[in-house]
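The opening position of the sequence shown corresponds to residue 5 in the working numbering, with each subsequent residue numbered one higher.
Just so you know, even glycine gets a beta-carbon here, dropped at the ideal spot from N, CA and C.
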Amino acid sequence: MAKSGNQRKKTASRVQTVGGRKGKIRLDGHSLTLEDLRKIARGSVTLTIASSAAREVRHSARLVDRAAHGEDPRYGINTGFGRFCNIRISEKELRELQVNLIRSHAAGVGDPCAPEEVRLAIALRANALVSGNSGIRIEVIQLLLDLYNNDVLPRIPRQGSVGACGDLAPLSHLALVLIGEGEALVSGKWISGKRALASAGLKPVRLEAKEGLSLINGVQVSVAMLARACHLAEFLVDAADLTLSMSLDGFLGSLQPFDARIHEVRPHPGQAIVAENVRRLLRGSKILKSHENCDRVQDPYSFRCAPQVHGSVRDALEWIGQTIEREANSSTDNPLVFSHEGDILSGGNFHGAPVAHAADLLAIVLCDLASISERRCEKLVNPDTSRGLPAFLSREEGLQSGWMMAHVTASALVSRMKVLSHPASVDSIVTSAGTEDHVSMSTHASEKALECAHQTSRVVGIELLVAMDALDLRRPLKSGKRLEDRFKALRKVLPGHDGDRVLSPEIEQAAQVIEEGLLIRP
Numbered sequence: 005m006a007k008s009g010n011q012r013k014k015t016a017s018r019v020q021t022v023g024g025r026k027g028k029i030r031l032d033g034h035s036l037t038l039e040d041l042r043k044i045a046r047g048s049v050t051l052t053i054a055s056s057a058a059r060e061v062r063h064s065a066r067l068v069d070r071a072a073h074g075e076d077p078r079y080g081i082n083t084g085f086g087r088f089c090n091i092r093i094s095e096k097e098l099r100e101l102q103v104n105l106i107r108s109h110a111a112g113v114g115d116p117c118a119p120e121e122v123r124l125a126i127a128l129r130a131n132a133l134v135s136g137n138s139g140i141r142i143e144v145i146q147l148l149l150d151l152y153n154n155d156v157l158p159r160i161p162r163q164g165s166v167g168a169c170g171d172l173a174p175l176s177h178l179a180l181v182l183i184g185e186g187e188a189l190v191s192g193k194w195i196s197g198k199r200a201l202a203s204a205g206l207k208p209v210r211l212e213a214k215e216g217l218s219l220i221n222g223v224q225v226s227v228a229m230l231a232r233a234c235h236l237a238e239f240l241v242d243a244a245d246l247t248l249s250m251s252l253d254g255f256l257g258s259l260q261p262f263d264a265r266i267h268e269v270r271p272h273p274g275q276a277i278v279a280e281n282v283r284r285l286l287r288g289s290k291i292l293k294s295h296e297n298c299d300r301v302q303d304p305y306s307f308r309c310a311p312q313v314h315g316s317v318r319d320a321l322e323w324i325g326q327t328i329e330r331e332a333n334s335s336t337d338n339p340l341v342f343s344h345e346g347d348i349l350s351g352g353n354f355h356g357a358p359v360a361h362a363a364d365l366l367a368i369v370l371c372d373l374a375s376i377s378e379r380r381c382e383k384l385v386n387p388d389t390s391r392g393l394p395a396f397l398s399r400e401e402g403l404q405s406g407w408m409m410a411h412v413t414a415s416a417l418v419s420r421m422k423v424l425s426h427p428a429s430v431d432s433i434v435t436s437a438g439t440e441d442h443v444s445m446s447t448h449a450s451e452k453a454l455e456c457a458h459q460t461s462r463v464v465g466i467e468l469l470v471a472m473d474a475l476d477l478r479r480p481l482k483s484g485k486r487l488e489d490r491f492k493a494l495r496k497v498l499p500g501h502d503g504d505r506v507l508s509p510e511i512e513q514a515a516q517v518i519e520e521g522l523l524i525r526p
């Protein structure tokens, strides 16, 4: 995602090299960027609390402490939760209330979240807490950062959240480790939360009023999954433009639909970027020159309209990235603490609608990107449309099947994605005895978007393999210099082969090349 100059400067001022090894990000509740989140997911930075944020945290913690011991009922501080919000809890039971909350809400099931997602969830929750709107003590937030900095990763089941009041079940599993319970991944092994803390020289925290609620009230697991999907999608749009360019030349397609003037009169920024990428990659192509006087008038839509489709995906990604950054720097607790005014206010910032809507859009546009990629792949392997290429690019038609089944796999993946791209956010289900009568399904939406990102990597990877083979079959003619440079670099990790062989490893390797952002910049 392209960053503004101001954003790049802001990021640079907060990320510093430590001992030539890891960078440092100071969390202040307001300044995380998508690039920061990418580094956090990899575990390549150390997290600390900004001094300005620490002051705000201490102010709000003092206000909550006073409220906990005051006469007025305060939701989540000295009352029960959800349907039990009108039940007053005695002072001597306030600590027990917080521990009970975490234990009872740790009801998630299924496979654990990936390490990248857990790192992001820890950092995102900590960043929400350092804003000073939760009333949690600084030592609790520091323990969260200690988990991250020591790569102690709580076991967070993927299923069990409806995205309101936030990701309660997933974040409860995260919080369990802070009190010495649950499980965590340490050096590749699952161990008890207590042992995990001890392995890093850490001790369980004793939670005070509201702190259990503050740890779990937000959609940070949903945001973590969506951020991962967005990071993959940023690589995907570049890979799709490169692959489109290879397919276009392998197909003997026309460069005319990529003329800048066409895109100036429909000024969506994404499609102009795509057209420019293709022009740059194919500049000087001998393949293009070889058929410039042919009698074909227009190419199929999957080639001719690619700037409009790829470009719309880019524009959607821009908005999705902005939503992620905004959510990463939000206070999503309930109630929220405004220490300077002395107010504690109940609201609905925990509701995951903004995240769910962004995730649903991402799944939809990735499905479209995969769909148009599959169509170009079909045009290359179909002898009725491939403009002289052998059927399925087979060197011995009949004896060998070539890319026949690889295209079927692409078709199957696109069909799967059509199911996944049905919006999760249009659904809702009543929970908590009617108290939570509208929920966001943000976790479902984000998980679907992440799967769509992985599946699109495979579909575009299949097109990449087929397009490279098509270019080989057009030899000795060469494409543009820039594209040929990419081609040669890719051939080192995706070697071409004559004859039939098992294709699954090549498809997965191509997808990995795309997901790691290797050699695919247009």
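{"Asked": "In whole angstroms, give me the CA-to-CA distance for G315 and G192.", "Found": "40 angstroms"}
{"Asked": "Evaluate D441 with the Cβ neighbour count: other Cβ atoms within 10 Å of its Cβ, from every protein chain shown; 16 or more gives buried, anything less gives exposed.", "Found": "exposed"}
{"Asked": "Tell me the residue span of the beta strand (DSSP E) that contains G27.", "Found": "K26 to L31"}
{"Asked": "Looking at the secondary structure, which residues open and close the alpha helix (DSSP H) in which V113 lies?", "Found": "Per DSSP, V113 belongs to no alpha helix (DSSP H); it is in the beta strand (DSSP E), V113 to P116."}
{"Asked": "With a 10 Å radius around its C-beta and 16 neighbouring C-beta atoms as the bar for buried, classify W194 as buried or exposed.", "Found": "exposed"}
{"Asked": "Compute every distance between the C-beta of S108 and the non-hydrogen atoms of the ligand ADP, then say whether any falls below 7 angstroms.", "Found": "Annotation note on the ligand ADP: not contained in the displayed structure, which lists no ligands."}
{"Asked": "Which one or two residues does DSSP pair with K193 in a beta bridge?", "Found": "V190"}
{"Asked": "What residue from D502, Q326 and A202 has the CA that sits closest to N154's CA?", "Found": "A202"}
{"Asked": "Decide if the segment 62-80 is in contact with the segment 207-215; the criterion is three or more beta carbon pairs, one per stretch, under 8 angstroms apart.", "Found": "yes"}
{"Asked": "Rounded to whole angstroms, what is the Cα-Cα separation between K26 and S48?", "Found": "6 angstroms"}
{"Asked": "Assuming S335 contacts S135 under a Cβ cut-off of 8 angstroms, what Cβ separation, rounded to an integer in Å, is found between them?", "Found": "5 angstroms"}
{"Asked": "Do A367 and C456 count as a contact pair if the criterion is CB distance below 8 angstroms?", "Found": "yes"}
{"Asked": "Just checking my contact of D263 with V225 at CB under 8 angstroms: how many whole Å lie between their CB atoms?", "Found": "That pair is no contact at about 45 angstroms."}
{"Asked": "If you draw a straight line from the C-alpha of R12 to the C-alpha of R330, how long is it?", "Found": "In this prediction, R12 has a pLDDT of 34, which is less than 50 and means its spatial position is unreliable; nothing more can be read from the coordinates."}
{"Asked": "Cβ atoms of A228 and A363: under 8 angstroms apart, would you say?", "Found": "no"}
{"Asked": "Name the residue from P358, D245, P311 and V463 whose alpha carbon lies nearest to the alpha carbon of P273.", "Found": "P311"}
{"Asked": "So within the segment 181-240, which uninterrupted alpha helix (DSSP H) runs reach at least 4 residues, ignoring any that extend past its ends?", "Found": "197-203 and 215-220"}
{"Asked": "What residue does the alpha helix (DSSP H) around L384 start on, and which one ends it?", "Found": "A357 to V385"}
{"Asked": "Let me know the secondary structure DSSP gives L51 once reduced to three states.", "Found": "strand"}
{"Asked": "Tell me whether the beta-carbon of E467 lies closer than 8 angstroms to the beta-carbon of V418.", "Found": "no"}
{"Asked": "My understanding is that S64 touches S138, with C-beta atoms under 8 angstroms, so please give their C-beta distance in whole angstroms.", "Found": "7 angstroms"}
{"Asked": "Contact between the segment 463-481 and the segment 497-511: three or more CB pairs below 8 angstroms?", "Found": "yes"}
{"Asked": "In the segment 463-520, which residue ranges form an unbroken beta strand (DSSP E) of at least 3 residues, counting only runs that do not cross its ends?", "Found": "none"}
{"Asked": "Using a 10 Å radius around the Cβ and a threshold of 16 neighbouring Cβ atoms, would you call V517 buried or exposed?", "Found": "buried"}
{"Asked": "Going by DSSP, name the residue or residues bridged to F354.", "Found": "DSSP, once it has assigned bridges, lists no residue as partnering F354."}
{"Asked": "Cα-Cα, which of F255, N386, V497 and S249 is closest to M409?", "Found": "N386"}
{"Asked": "Looking only at DSSP bridge pairs, what is Q404 linked to?", "Found": "E401"}
{"Asked": "Beta-carbon within less than 6 angstroms of T389's beta-carbon, same chain only, minus the 5 sequence neighbours each way: which residues are those?", "Found": "K383"}
{"Asked": "Checking 8 angstroms against the spacing of the C-beta atoms, do V156 and A188 come in under that value?", "Found": "yes"}
{"Asked": "Between which residues of its own chain and G351 is the CB-CB distance below 8 angstroms, once the five residues before and five after are set aside?", "Found": "N338, P339 and L340"}
{"Asked": "For the putative contact between G184 and G197, defined by C-beta atoms under 8 angstroms, what is the C-beta separation to the nearest angstrom?", "Found": "5 angstroms"}
{"Asked": "Ignore the nearest five residues each way along the sequence and tell me which others in G406's own chain have a CB closer than 6 angstroms to its CB.", "Found": "F396, L397 and S398"}
{"Asked": "Tell me which same chain residues have a C-beta within less than 6 angstroms of the C-beta of C89, skipping the five on either side of it?", "Found": "Y79 and T83"}
{"Asked": "According to DSSP, is T336 helix, strand or coil?", "Found": "coil"}
{"Asked": "Using a Cβ-Cβ cutoff of less than 8 angstroms, which residues in the same chain neighbour F354 once the five nearest sequence positions on both sides are dropped?", "Found": "A168, C169, G170, N221, G222, V223, T336, D337 and N338"}
{"Asked": "Using the beta-carbon count (16 or more within 10 Å), is S94 buried or exposed?", "Found": "exposed"}
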